[in-house]
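Q: Numbered according to this note's numbering, the sequence shown spans residues 4 to 86.
Each residue gets a CB set at the ideal place from its N, CA and C atoms; glycine is no exception.
Okay, handing you the structure first.
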Amino acid sequence: MRALKILAFCLLCAALLFVFSIIDGVVKFVFSLGALYVGIQFFKRYETRGPRIAFVLTTILFYFVYTVFYALYLAIQQQQAAV
């Protein structure tokens with residue numbers, strides 16, 4: 004159960020950071036603050052090093068996974084538009 008909670012925090016934080024990276028304008032900072040809030044809440048709940056390290060590394064991994072899937076989505080959209 005603990006691993007699922009950590010995974011949920013990681014997925015949420017990575018999604019917020021991903022949206023922050025693809026949106027333009029002032030609204031993007033809301034997502035940045037959301038990711039910061041999720042990180043603070045996670046660090047309040049888990050005070051040992053292991054879960055914190057796992058959170059940071061897994062969040063970075065999921066951020067890159069989201070980015071790759073988004074790049075594939077854009078490539079498919081551009082390819083369909085060219086046809």
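Distance, Cα to Cα, Ala18 vs Phe65?
A: Within the sequence shown, the letter at position 15 stands for residue 18. Within the sequence shown, the letter at position 62 stands for residue 65. Near 8 Å, if we compare the C-alpha coordinates of Phe65 and Ala18.
Q: What's the C-alpha gap between Leu15 and Tyr49?
A: On the sequence shown, position 12 is the one that residue 15 refers to. On the sequence shown, position 46 is the one that residue 49 refers to. Their Cα atoms are separated by approximately 16 Å.
Q: Can you find the residues in the same chain that come closer than 6 Å, C-beta to C-beta, to Thr62, ignoring five residues on each side of it along the sequence?
A: Your numbering for residue 62 matches position 59 in the sequence shown. Counting only Cβ-Cβ distances below 6 Å, and skipping sequence neighbours, we find Cys13, Cys16, Ala17.
Q: From Ala11, Gly28, Val71, pick the residue whose C-alpha is nearest to that of Gly42; which is it?
A: The sequence position of residue 42 within the sequence shown is 39, counting from 1. Among Ala11, Gly28, Val71, the Cα nearest to that of Gly42 is on Ala11.
Q: Along the chain, where does the alpha helix (DSSP H) that runs through Val86 open and close?
A: Position 83 of the sequence shown holds residue 86. Careful: Val86 lies outside any alpha helix (DSSP H) and carries neither H nor E.
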